[in-house]
Amino acid sequence: MASIPPSEILSFNSVSIDRECIVAASALHFNSGNKVKFVIFKITNDEQKVVLEETGFETDYEIFRQKLLSAVDGSGKPEPRYAIYDVDYDLGEDGKRTKTVFISWVPQNSPIKLRMLYASTMESLKKALNIGVFIHADGHEDIEWPELIQAASGGKAKK
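Here the sequence shown stands for residues 293 to 451, where the numbers follow this note's numbering.
Laid out in structure tokens, this is it:
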């Protein structure tokens, strides 16, 4: 059996996951100081590897959302992204909670080949990052704040 190269984790569809992705996700989970709020990932242009695109500390969800909505290729066509976001929500008497949500952002009007590539790589990345809560988003309405609250809380928090 071949050993896994130290800089990457292999996935089943031959798109590898760069180890930086795992490190960034760990920073979101375990850093209690200057808290990472979100991490955005993309597949490289050569379609060989999932890489870290950006780590953010900004707590304004709309700034993060706009980053996903504005992801485009060189010709201005929408491009998919993966992201994880720490969602803070309140269950009233049951207290405040935080849950990390995995977002597969695959705009409807992005090229079909990219949509298929992101769909086939998603499970490997989710598993590598160890994230259970998931949203598949293909339109701007799918990444509105109330949608994340509902996913993170399992429908228990108010929108």
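Note that the Cβ used here is the ideal one computed from N, Cα and C, for glycine as well.
What residues match up with residue i in a beta bridge as DSSP calls it?
i, result
"Arg407", "In DSSP, Arg407 forms no bridge with anything."
"Tyr353", "Beta-bridge pairing links Tyr353 to no other residue."
"Glu346", "Ile332"
"Lys388", "Asp382"
"Lys341", "Ser308"
"Pro370", "Val364"
"Ile314", "None; Ile314 has no bridge partner."
What does a CB cutoff of less than 6 Å around residue i pick up in its chain, not counting 5 residues either side in sequence?
i, result
"Met293", "Note that Met293 has pLDDT 38, beneath the 50 cutoff, so the model's placement of it is unreliable and no number is given."
"Leu440", "Val379 and Val393"
"Ala319", "Val328"
"Lys341", "Ser308 and Asp310"
"Tyr410", "Pro372 and Val398"
To the nearest angstrom, how far is the alpha carbon of residue i from that of residue j?
i, j, result
"Phe394", "Ala429", "10 Å"
"Gly348", "Phe330", "5 Å"
"Thr413", "Val307", "7 Å"
"Gly424", "Lys418", "7 Å"
"Lys237", "Asp378", "Here the chain comprises residues numbered 293 to 451, so residue 237 is not present and cannot be evaluated."
"Leu344", "Ala316", "8 Å"
"Asp386", "Leu421", "28 Å"
"Phe426", "Ala443", "7 Å"
Got a sec? Which residues, its chain only, sit under 7 Å from residue i by beta carbon, not counting five neighbours each side?
i, result
"Glu350", "Lys329 and Phe356"
"His432", "Leu361"
Give the C-beta separation of residue i and residue j to the nearest angstrom, bearing in mind that I take them to be a contact with Cβ-Cβ under 8 Å.
i, j, result
"Pro372", "Arg407", "7 Å"
Kindly list the residues whose CB is nearer than 8 Å to the CB of residue i, restricted to its own chain and excluding five residues on each side of it in sequence; keep chain order.
i, result
"Tyr353", "Tyr377, Trp437 and Leu440"
(message) For a minimum of 3 consecutive residues, which ranges assigned as the beta strand (DSSP E) are wholly contained in the region 392-451?
(response) Here the runs fully enclosed are 425-429.
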